[in-house]
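Take a look at the structure below.
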Amino acid sequence: INTMLMAVLERVKEIGMLMAIGMNRKRIFNMILLETIFLTISGMVVGIVFASLLSLYFGNTGINLSTGSDVYESMGYASIIYPVLSMEIVIKVTIMVVIASILSAIYPAIKALKLKPADAIRSDV
222 INTMLMAVLE RVKEIGMLMA IGMNRKRIFN MILLETIFLT ISGMVVGIVF ASLLSLYFGN
282 TGINLSTGSD VYESMGYASI IYPVLSMEIV IKVTIMVVIA SILSAIYPAI KALKLKPADA
342 IRSDV
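With my numbering, the residue at position 64 of the sequence shown is 285, and numbering never jumps.
Shown next as structure tokens:
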């Protein structure tokens with residue numbers, strides 16, 4: 222919420238100007254949601270690539286947890302774990318992230334819709 226709220230608050234004058242020249246509120250709402258989707262997709266691509274590389278590396282070498290191996294072994298875990306990244310996990314997490322990002326963009330978008338064009342253009346935010 223904070224990232225999108227700051228993006229809206231930093232552009233109060235711009236949003237006010239768009240309203241003043243006739244852009245309707247629905248298009249401004251869609252503009253903010255679309256920006257959120259683009260940010261989400263770009264972050265997900267970087268995250269998936271990074272997670273895949275780490276999973277490939279640690280899937281072969283393993284993550285050594287031998288410093289606390291007695292605790293892990295008492296719970297039935299090995300002291301070296303080998304992570305696996307399946308496509309099912311990637312898809313589920315991707316869907317959850319997209320839903321969460323869209324939901325978190327609704328409040329800043331509604332806040333932008335409540336702006337009055339004249340007040341927004343005059344603001345010093």
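Here a beta-carbon is modelled for each residue, glycine too, at the ideal position from N, C-alpha and C.
{"Check": "Alpha-carbon to alpha-carbon, LEU306 and SER273", "Outcome": "7 Å"}
{"Check": "Segment limits, alpha helix (DSSP H) that includes SER295", "Outcome": "290-295"}
{"Check": "7 Å CB neighbourhood of VAL319 in its chain, flanking five on each side removed", "Outcome": "THR261"}
{"Check": "Other residues of its chain near SER287: CB distance less than 7 Å, five sequence neighbours each side excluded", "Outcome": "SER300"}
{"Check": "Helix, strand or coil at ILE242 according to DSSP, with G and I counted as helix", "Outcome": "coil"}
{"Check": "Any 3 or more C-beta pairs closer than 8 Å across the segment 262-271 and the segment 327-339", "Outcome": "no"}
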